[in-house]
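First the structure, in the form of structure tokens, and then the observations on it.
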Amino acid sequence: MILTDKQNITLLSENKIYSITLPNIVLNDTTGIGDIFSSTFCCTMLKEKDILWALSFAGGAAQAALESGQIGLEKIPSKGAIESNAYYFYNTIKFKEI
374 MILTDKQNIT LLSENKIYSI TLPNIVLNDT TGIGDIFSST FCCTMLKEKD
424 ILWALSFAGG AAQAALESGQ IGLEKIPSKG AIESNAYYFY NTIKFKEI
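So in the numbering used here, spot 97 of the sequence shown is number 470, and the numbers just go up one at a time.
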């Protein structure tokens, strides 16, 4: 299960809760950010079969889209922008056991 609440993204998997936080930024247009996050997470999970990398890559896509300052389809980020953010998020994942 994934829960997104503004900048906080939480993933429940088996008996662990993982979370990442998108940095504070000025939000121009958030339309489609959830779609970008969801589709990136699903595609990455199917391809890589690594739930933490999928979470990081999806967070990286959402962050890159928000940083672009664009509206509509123009905000869909490039793979390079996504990867830069994904590596950052992968190294900052917080987790706890439940």
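Every residue gets a Cβ at the ideal spot worked out from N, C-alpha and C, and that includes glycine.
Checklist entry - Near Ile406, what residues of its chain come up, given a Cβ to Cβ distance below 7 Å and the 5 sequence neighbours on each side ignored? => result Ala435, Ala438 and Leu439
Item to check | Terminal residues of the beta strand (DSSP E) in which Asp378 lies | outcome: Ile375 to Asp378
Next on the checklist: Tell me which residue opens and which closes the alpha helix (DSSP H) that Ser451 is part of.
Outcome noted: If you look at Ser451, you'll find it isn't in any alpha helix (DSSP H); DSSP assigns it neither H nor E.
Checklist entry - Could you give the distance in angstroms between the alpha-carbon of Ile449 and the alpha-carbon of Ile409? => result Taking the CA atoms as reference points, Ile449 sits about 7 Å from Ile409.
Checklist entry - On the premise that Tyr461 lies in contact with Trp426, defined as a C-beta separation below 8 Å, what is that separation, rounded to the nearest angstrom? => result In fact, because the Cβ distance is near 13 Å, the residues do not count as touching under 8 Å.
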